[in-house]
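K.L.:
Going by numbering that gives the first Met the number 0, the sequence shown opens with residue 0, and the numbers climb by one from there. Even for Gly, the Cβ is constructed at its ideal location relative to N, Cα and C.
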Amino acid sequence: MNKIINKALFYKEWINVRWVTLLTIVILLYYKVYAVIAELNGDKSYMAMEDIVRTDRWFYNGFYSSVFYFLVMAFAIIILAIILFIGEKTSETQGFIASMPFTRKEIILNKWMVGVLSIIISFVVTFIFLSLVYVAKINNLNTTLNPYSELFKWFFMDTFQYICIFTFMVLVQSIMGNSIVSGIVGGAILLLPWFINETIKVLFIFISDKSAKVFDQVGGWLNIYGYNSTQHGMFEMVNTSTSRMSSNQYYNDYKDYGLKLLILLILTCLFLCLAYVSFKKRNIEYNLRLVAFKNLELVFIWVFAVYTGILGGETFGLGISGKGLSVFCICTVIFSIAGYFISKGLLKILSSSK
Numbered sequence: 000m001n002k003i004i005n006k007a008l009f010y011k012e013w014i015n016v017r018w019v020t021l022l023t024i025v026i027l028l029y030y031k032v033y034a035v036i037a038e039l040n041g042d043k044s045y046m047a048m049e050d051i052v053r054t055d056r057w058f059y060n061g062f063y064s065s066v067f068y069f070l071v072m073a074f075a076i077i078i079l080a081i082i083l084f085i086g087e088k089t090s091e092t093q094g095f096i097a098s099m100p101f102t103r104k105e106i107i108l109n110k111w112m113v114g115v116l117s118i119i120i121s122f123v124v125t126f127i128f129l130s131l132v133y134v135a136k137i138n139n140l141n142t143t144l145n146p147y148s149e150l151f152k153w154f155f156m157d158t159f160q161y162i163c164i165f166t167f168m169v170l171v172q173s174i175m176g177n178s179i180v181s182g183i184v185g186g187a188i189l190l191l192p193w194f195i196n197e198t199i200k201v202l203f204i205f206i207s208d209k210s211a212k213v214f215d216q217v218g219g220w221l222n223i224y225g226y227n228s229t230q231h232g233m234f235e236m237v238n239t240s241t242s243r244m245s246s247n248q249y250y251n252d253y254k255d256y257g258l259k260l261l262i263l264l265i266l267t268c269l270f271l272c273l274a275y276v277s278f279k280k281r282n283i284e285y286n287l288r289l290v291a292f293k294n295l296e297l298v299f300i301w302v303f304a305v306y307t308g309i310l311g312g313e314t315f316g317l318g319i320s321g322k323g324l325s326v327f328c329i330c331t332v333i334f335s336i337a338g339y340f341i342s343k344g345l346l347k348i349l350s351s352s353k
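1. Under the three-state reduction of DSSP, which class applies to V66: helix, strand or coil?
2. Are three or more beta carbon pairs between the region 159–176 and the region 196–210 nearer than 8 Å?
3. Let me check understanding here. Comparing Cα to Cα, which of I179, K6 and G308 lies closest to I77?
4. Report the three-state DSSP secondary structure of D362 (helix, strand or coil).
5. Using the Cα positions of V35 and Y147, report the straight-line distance between them to the nearest angstrom.
6. Note down, in chain order, each residue of its chain lying with its Cβ closer than 7 Å to the Cβ of A211, except the 5 sequence neighbours on either side.
7. Among G176, N177 and S181, which residue has its Cα nearest to the Cα of M168?
8. What residue range does the alpha helix (DSSP H) around E105 cover?
9. Go through its chain and collect everything with a Cβ distance to I81's Cβ below 7 Å, but skip five positions before and after it.
10. Alpha helix (DSSP H) containing A337: first to last residue?
11. Thinking C-alpha only, which one of I300, I336 and E313 is nearest K347?
12. Is V35 near the ligand MG - that is, is its Cβ less than 7 Å away from at least one heavy atom of it?
13. With a CB to CB cut of under 8 Å and the five nearest residues on each side skipped, what residues in its chain are close to A75?
14. Can you find at least 3 beta carbon pairs, one from the region 331–341 and one from the region 263–275, that sit closer than 8 Å?
15. Would you tell me roughly how many angstroms separate the C-alpha atoms of K254 and K136, rounded to the nearest one?
16. Please state if the CB of V113 and the CB of E38 are separated by a distance shorter than 8 Å.
17. I'd like to check one pair, L295 with G176: are the Cβ atoms closer than 8 Å?
18. Quick one: residues in its chain with C-beta nearer than 8 Å to the C-beta of G218, no 5 flanking neighbours on either side, listed in chain order?
19. For M175, list the residues DSSP reports as bridge partners.
20. Quick one: Cα of I127 to Cα of G338, how far?
21. Could you check how far apart the C-beta atoms of S277 and V305 are, in whole angstroms? I think they sit under 8 Å.
22. Which term fits S130, buried or exposed, when burial requires 16 or more other beta carbons within 10 angstroms of its beta carbon?
23. Taking a contact to mean a Cβ-Cβ separation below 8 Å, would you say L116 touches I3 in this structure?
24. Classify V184 as buried or exposed, calling it buried when 16 or more other Cβ atoms lie within 10 Å of its own Cβ.
25. Starting from E12, follow the alpha helix (DSSP H) in both directions and report where the run begins and ends.
26. Which residues in the same chain as L342 place their Cβ atom closer than 7 Å to its Cβ, once the five residues preceding and following it in sequence are excluded?
27. Taking the alpha helix (DSSP H) that E313 falls in, what are its first and last residues?
28. Return the CA-CA distance between I120 and F67, expressed in angstroms with no decimal places.
29. Could you work out which residue in L79, F327, A73 and Y33 is closest to V16 when comparing CA atoms only?
30. Quick check: is the beta carbon of S148 nearer than 8 Å to any beta carbon in chain D?
31. Mark Y30 as exposed unless 16 or more other C-beta atoms lie within 10 angstroms of its C-beta, in which case mark it buried.
Structure, rendered in structure tokens:
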């Protein structure tokens with residue numbers, strides 16, 4: 000382990016990402032701890048006013064109440080990866096570091112370990128605060144309906160997921176030169192499989208007018224950003240005076256929890272291996288290029304063109320006009336051609352001759 004962790008490199012990288020760690024902690028405290036406290040206080044006031052016992056699960060209702068959490072956390076992870084690479088790429092100090100007695104393996108692995116440490120620290124701090132809230136409110140909770148083990152399930156799922164996403168961002172940073180564009184491209188690429196599946200689903204429904212549940216199931220596995228999302232369930236709200244059901248309430252629960260953790264672990268190992276190979280083979284002289292590998296420029300062009308074409312086809316061919324498959328195809332072709340030339344222009348503008 001000592002051969003991998005270089006104290007000088009580790010300290011340098013940690014200094015750069017300290018503020019991102021604090022930002023992530025603030026995000027988690029707001030969307031998790033504050034949300035749970037607000038939910039509990041709201042339930043307490045509601046039960047006192049309406050004489051109703053809510054047999055809900057505080058962890059789920061307060062914990063997964065905001066859809067903005069997924070977007071903000073993804074943004075924070077992208078920023079974390081950018082910060083780890085942007086200094087050396089823009090200031091051209093990576094050549095200086097490479098000339099020192101550090102191996103490429105040490106450089107990339109220390110960056111990855113610092114990022115992982117930042118993520119783990121953020122979730123551990125949040126886990127501690129949530130545990131304190133649980134202990135403080137335990138007298139008002141039904142521990143059977145609100146088990147403490149749910150905290151551990153959330154901790155491992157979210158930690159594994161965002162480490163996996165971060166590792167993919169490290170891979171993209173190792174392949175591409177421009178750090179900011181790399182972050183944007185990396186964040187978009189992770190959505191590409193899900194986006195294609197959704198487009199096929201819309202076309203299938205549009206043409207056949209049949210249910211497309213299989214596409215929803217496939218999409219759930221393709222969208223890594225949504226692995227920590229939960230499935231809806233239902234419970235009853237009971238009146239304390241009449242002991243009869245007042246209304247139905249909904250809670251959330253994980254689906255395929257163990258399998259998703261396994262997939263995230265496998266993907267993390269795969270992305271890390273690819274990042275190491277890419278970083279080891281890249282030429283430092285190409286740090287300012289948009290794509291550091293000449294033979295991958297064509298891949299970038301066509302992926303960008305396909306992404307733009309599908310987005311334009313679904314938005315203007317189906318979403319706005321809704322006129323049919325022919326309009327979708329025309330819009331897809333037009334936007335694909337536009338995306339092709341835009342990507343070539345980006346390669347020319349954002350690449351350096353070095």
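P.N.:
The answer reads as follows:
1. If DSSP states are grouped into helix, strand and coil, V66 belongs with coil.
2. No, they do not touch.
3. It is I179 whose Cα lies nearest to the Cα of I77.
4. Not covered by the structure: residue 362. The range shown for the chain is 0 to 353.
5. For V35 and Y147, the distance between alpha carbons rounds to 14 Å.
6. Only K200, F203 and I204 meet the Cβ criterion.
7. Relative to M168, the option among G176, N177 and S181 whose CA is nearest is S181.
8. First-last of the alpha helix (DSSP H) with E105: R103 to A135.
9. Cβ neighbours of I81 beyond the five flanking positions: S178, I179 and G182.
10. Its alpha helix (DSSP H) spans residues L324 to I348.
11. Checking every option, the nearest Cα to that of K347 belongs to I300.
12. For the ligand MG, the structure offers nothing, since it holds no ligand at all.
13. Excluding positions up to five away in sequence, the list reads V19, L22, T23 and I26.
14. Verdict: no, contact absent.
15. Taken atom to atom, the span from the alpha-carbon of K254 to that of K136 is near 27 Å.
16. In this structure, V113 does not lie closer than 8 Å to E38 by Cβ.
17. For the pair G176 and L295, the CB atoms are not nearer than the 8 Å cut-off.
18. The beta carbon of G218 lies closer than 8 Å to those of W193, N196, E197 and K200 in the same chain, with the five residues before and after it left out.
19. Bridge partners of M175: V290.
20. Cα to Cα, the separation comes out at about 47 Å.
21. Actually they are not in contact, since the Cβ atoms of S277 and V305 sit about 22 Å apart, beyond 8 Å.
22. Counting Cβ neighbours within 10 Å, S130 comes out exposed, since fewer than 16 surround it.
23. No, Cβ-Cβ distance for L116 and I3 is not below 8 Å.
24. Result: buried.
25. Secondary structure note for E12: its alpha helix (DSSP H) is the uninterrupted segment K6 to L27.
26. The displayed chain sequence assigns Ser, not Leu, to residue 342. Short of 7 Å from the beta carbon of S342, and not among the five residues preceding or following it, lie these beta carbons of its own chain, in chain order: F299, I300, F303 and A304.
27. Run containing E313: none; DSSP gives neither H nor E here.
28. When rounded, the separation of the alpha-carbon atoms in I120 and F67 is 21 Å.
29. Here the closest residue by C-alpha is L79.
30. Looking for chain D here will not work: only one protein chain is present.
31. Classification for Y30: buried.
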